[in-house]
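For reference, the structure discussed in these notes is given below.
In my numbering, the protein residues as written are 58 to 172.
Encoded structure:
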């Protein structure tokens, strides 16, 4: 199957086969899938301020909800970022994550066209 040659309407971004494999790998882990779902509702995190929604949710808040160690949480979020599913923003010593909705929409369009 030549996924890399799939064409999208409206000149949208096309995910290569390598990029799709990274997405599927990232989503193969239940904890990473949960993190991606949680980030869809950033205000559901305790203490989250409306003005912070644009930059995302602090890693420490995601870690608390996940019940995982800080290194594991950071590694999982890095995997999601490398797959293009989330965006990281650094503020001082804190890192915040939010979903990359534009990239996720392009991914879904690629999947519709390919499958």
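We put the beta carbon where it would ideally sit given N, CA and C, even for glycine.
Here the structure is a predicted model, which is why all the values come from computation and not from measurement.
TODO: Would you identify the three-state DSSP class for residue 70, choosing helix, strand or coil?
DONE: coil
Open item on the list: For the alpha helix (DSSP H) containing residue 162, name the first residue and the last one.
Closed with: 158-171
Task: Rounded C-alpha distance that separates residue 127 from residue 140 - done: 20 Å
Task: Rounded separation between residue 157 and residue 90 - CA only - done: 14 Å
TODO: Helix, strand or coil for residue 143, going by three-state DSSP, please let me know.
DONE: strand
Task: Collapsed DSSP secondary structure at residue 76 in the structure displayed - done: helix
TODO: Would you grab the beta carbon distance between residue 114 and residue 120 for me? Rounded to a whole angstrom, and I think it's under 8 Å.
DONE: That belief does not hold up - the Cβ atoms of residue 114 and residue 120 are roughly 10 Å apart, past 8 Å.
Task: Buried or exposed (CB count within 10 angstroms, at least 16 for buried), residue 88 - done: exposed
Task: Bridge partner(s) assigned by DSSP for residue 95 - done: Residue 95 is not bridged to any residue.
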